[in-house]
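Chemist: Here it is: the structure, laid out below.
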Amino acid sequence: MKILVFGRNGWIAGQIHPLLTRVGDIVYAASRLQDQDAVSAELDAVSPDKVILCAGITGRPNVDWCETHVEETMAVNYYGTLHLITACNERGIHITNFATGCIFQYDDTHPIGGSAFTEEDIPNFFGSVYSRFKAAVETATKSLPNQLLFRIRMPITCDSSPRCFVTKIANYNKIVDIPNSVSVLPDLLPLAVEMIRSGDVGVYNLVNPEPVSHTQILDAYAEIVDPLFLYNVMDMAEHNTVVKAGRSNNALCTAKLQIRFPGITIPTAVSSIRNLFERNMPALRGQHIPRSILVTGGCGFIGSGFVRFVKSPQRKPISVIVLDRMDACSSRMSLHDCDVTIIEGDIADIEKVSHILAEHNVDTIVHFAAQTHVDASFESAFAFTETNVLGTHKLLHATTTAPSVKRFIHMSTDEVYGETTDHTSGVKEDVFLQPTNPYAASKVGAEALVCAYQKSYGLNAVIIRANNVYGPGQYPEKLIPRFLLRHQLGLPLQVQGSGHQTRHFLYLSDAIRAICVVVSRGLSGSIYNIASKDELSVLGVAKKIGGSTVSSVHVSDRKFNDQRYWVDDQKLRSIGWTQETSFDMGLKTTREWYATTELISYWPSYKIALHDLD
Ligand SMILES: NC(=O)c1ccc[n+]([C@@H]2O[C@H](COP(=O)([O-])OP(=O)(O)OC[C@H]3O[C@@H](n4cnc5c(N)ncnc54)[C@H](O)[C@@H]3O)[C@@H](O)[C@H]2O)c1
């Protein structure tokens, strides 16, 4: 059997090729659909038994393209397609048209969860140029005796193809959440080819039974494939502001297809997608998917928050090992209900770290361990250099002897930039670093070493620079818990210097989500700022905590106190992160936590951190 295929370079043609080779001899058309004379001439020259139409314009990067290229779209998807179908009809050649189901929209007769559109239904979605031409061609050619027309929707292969619907939505910053019929190609193309072989005609909804929502797909992705994967949902109003063309949402009925194949149970979309995730896991997005994570400083504030998130019951189980020196600010209690291995030790202990990396086959290191309190860095600066610079260096060195390590995430701070002096825009990641205190300087030193190991040893490393993070579980030496607890105890809130210096405050869960996005999608060698929209002065924080009449006492200022850090986080937002928690919301939760938690069990000597400053 001779099969002439239009759309040689197309994605669907590529998917169907190996199946078609079992049915007949494939010839790929050289003519273009819009060149109607050439198409007719090729049909006559090749004289095929079957024609397969996989050609057409779908728009790049998406169908919005068609809105501004109406003539090109019309020439191919309307006139060219109509011509090929009618030319085949005139010659008595069987033609299979891989068309679309995106010509329907939920309506009163076919609401979400209600009856699905059958092959007899007439298109009711004309919200895009693409869909209008597709609907017109189906309507015009539906009754021709030699055409087999497949309505395909949101095709899915669950491999790393950028055309696969799953790849697309996994890479969107935000998704809408509407159930839709989808075509899981590995299930459906074998059926399509059998129908081509046997010369079926008519319209078929080539989709899997039961629509699936975007969140169902991505939840399964997070559960099965990538334990750190996160997504954001938007409503239709927001969606309509980011697309040019309308998008069709519908459920297509699969009864006709199932009757055609009585002995075959076509899997539901959800079960099929989950199955493909299991099978194709490593190839899915070509991105790093952690299986065994070493979290340094994992009993500290941010580290333990990260571990709790990764180990939360709804996420895919993954091995987490915490290495922590258990300084006063750390707490085993913070991980009391997490199934993790906690190893007490120093990141500077190369032998110990190497042993951990090998024994646990660690593929990802998320490096939080550090001396973190700026005030302390003025008094015991060498301790900061020892852990933050030398400790990080030794940790990096240990990775060079551990082939299992595929990713190194280094947690740094906005303080590395030094004080913001240009108030016209936030600083981007590539500016010159001008730290002003020993803590910030030691974090610059650590970053420099991470960059060096990325370049010289090919370490897949990413740096994150965060604003001030706050939330439950932060040791009370830091501003917000210190103010909350002193206020609770009726002690005055001590403000260093004028108190007019400002900071951007980022709630813990937002910081954790940002870290997860970077682990999954950050590019090696890149640096990502995490910025909060909430900028407050120290006095402003005192008022938020104690009310406008709060009693605050001014004490002597730091040797140097940066007035402001203002960073730009566009780069992080471009890979899918947005701040979710406002300062007021985050503070409310934090306040409740400090008011209701038995802090002694967290940090036996926490009261020392509440001492008077002067
Ligand atoms: N908290 C913030 O506002 C903020 C903002 C930006 C960046 N960061 C960075 O995030 C990371 C975590 O900060 P945090 O607020 O959770 O700090 P934290 O002080 O609460 O925790 C640090 C943890 O590191 C451990 N540690 C210290 N030295 C160690 C060593 N040599 N070996 C092993 N463990 C050691 C401590 O015991 C502690 O558990 C740090 O790298 C910090 O510089 C913090």
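Going by the working numbering, the sequence shown runs without a break in its numbering and finishes at 614. Quick reminder that beta carbons are idealized off the backbone N, C-alpha and C, glycines included. Because the structure is a prediction, the values reported are computed rather than measured.
1) Please classify H611: does DSSP put it in a helix, a strand, or coil?
2) When the Cα atoms are used, what is the spatial distance from L479 to V495?
3) Looking at ligand 1, does it come within less than 6 angstroms of M411, judged from the CB to the closest heavy atom?
4) Check for me: the beta strand (DSSP E) holding E344 runs from which residue to which?
5) Thinking C-alpha only, which one of L484, W577, L491 and L506 is nearest W593?
6) How about T372: is its Cβ closer than 6 angstroms to a heavy atom in ligand 1?
7) What span of residues does the beta strand (DSSP E) with L228 cover, start to end?
8) Are the CB atoms of Y204 and L257 nearer to each other than 7 angstroms?
9) So N97 packs on Q147, CB below 8 angstroms; how close in whole Å?
10) Any contact between the region 80–96 and the region 45–60? By contact I mean 3 or more CB pairs, one from each, below 8 angstroms.
11) What would DSSP say about M411, mapped onto helix, strand or coil?
12) Less than 6 angstroms separating the Cβ of G297 from some heavy atom of ligand 1?
13) Ligand 1 and R325: does the residue's C-beta get closer than 6 angstroms to at least one heavy atom of that ligand?
14) Using a Cβ-Cβ cut-off of 8 angstroms (strictly less than) and excluding sequence neighbours within five positions of S354, which residues of its own chain qualify?
15) Would you be able to state if there are at least three C-beta pairs under 8 angstroms between the region 533–545 and the region 581–596?
16) Any heavy atom of ligand 1 inside 6 angstroms of the beta-carbon of N173?
17) CB-CB under 6 angstroms to V374, same chain, minus the five flanking residues each way: which ones, in chain order?
18) Beta carbon of V541: closer than 6 angstroms to some heavy atom of ligand 3?
19) Could you tell me which whole beta strand (DSSP E) segments of length 3 or greater appear in the region 159–223?
20) Can you grab the Cα-Cα spacing for the pair A369 / D346, in whole Å?
21) DSSP three-state call for K544: helix, strand or coil?
22) Could you check what DSSP says for V320 in three-state terms: helix, strand or coil?
23) DSSP three-state call for F117: helix, strand or coil?
24) Going by C-alpha to C-alpha distance, which of S520, S331 and S143 sits closest to I575?
25) Using the C-alpha atoms, what's the distance from M74 back to L189?
26) Between C329 and ligand 1, is the CB less than 6 angstroms from at least one heavy atom?
27) Which of the three DSSP states is assigned to Q570 in this structure?
28) Could you give the DSSP three-state label for Y618: helix, strand or coil?
29) Alpha carbons only, please: which of E194, S198 and V207 is nearest the one belonging to S181?
30) State the start and end residues of the unbroken alpha helix (DSSP H) segment that holds E351.
31) Can you check which of these residues, L228, P61, C338 and G426, is closest to K571 by C-alpha distance?
32) Find out if the Cβ-Cβ distance for the pair Y565, T420 is shorter than 7 angstroms.
33) Which same chain residues, not among the five before or five after A135, have their C-beta less than 6 angstroms away from its C-beta?
34) Is T589 close to chain B? Criterion is C-beta to C-beta, closer than 7 angstroms.
35) Who are the near neighbours of I512 in its chain, counting only those whose CB is closer than 8 angstroms to its CB and skipping five residues on each side?
36) Does the structure place the region 238–247 close enough to the region 114–123 that three or more beta carbon pairs sit under 8 angstroms?
Modeler: A quick look at the data gives this:
1) coil
2) Taking the CA atoms as reference points, L479 sits about 9 angstroms from V495.
3) yes
4) T341 to E344
5) The shortest C-alpha separation from W593 is found at L484.
6) yes
7) No beta strand (DSSP E) contains L228, which DSSP labels as neither H nor E.
8) yes
9) 6 angstroms
10) yes
11) In this structure, M411 counts as strand in the three-state DSSP scheme.
12) yes
13) yes
14) A398, T401 and A402
15) Contact between the region 581–596 and the region 533–545 is present, because at least three Cβ pairs lie under 8 angstroms.
16) no
17) N437 and Y439
18) Among the ligands present in this structure, namely ligand 1, ligand 3 is not found.
19) 202–205
20) 9 angstroms
21) helix
22) The three-state secondary structure of V320, taken from DSSP, is strand.
23) strand
24) The candidate whose alpha carbon is nearest that of I575 is S520.
25) Looking at the two C-alpha atoms, the distance is approximately 27 angstroms.
26) yes
27) helix
28) The structure shown has nothing for residue 618, since the chain only spans 1 to 614.
29) Closest option to S181, Cα to Cα, is V207.
30) I350 to E359
31) G426
32) yes
33) I103 and P123
34) Absence of chain B from the displayed structure is noted, only one protein chain being present.
35) I302, G305, F306 and F309
36) no
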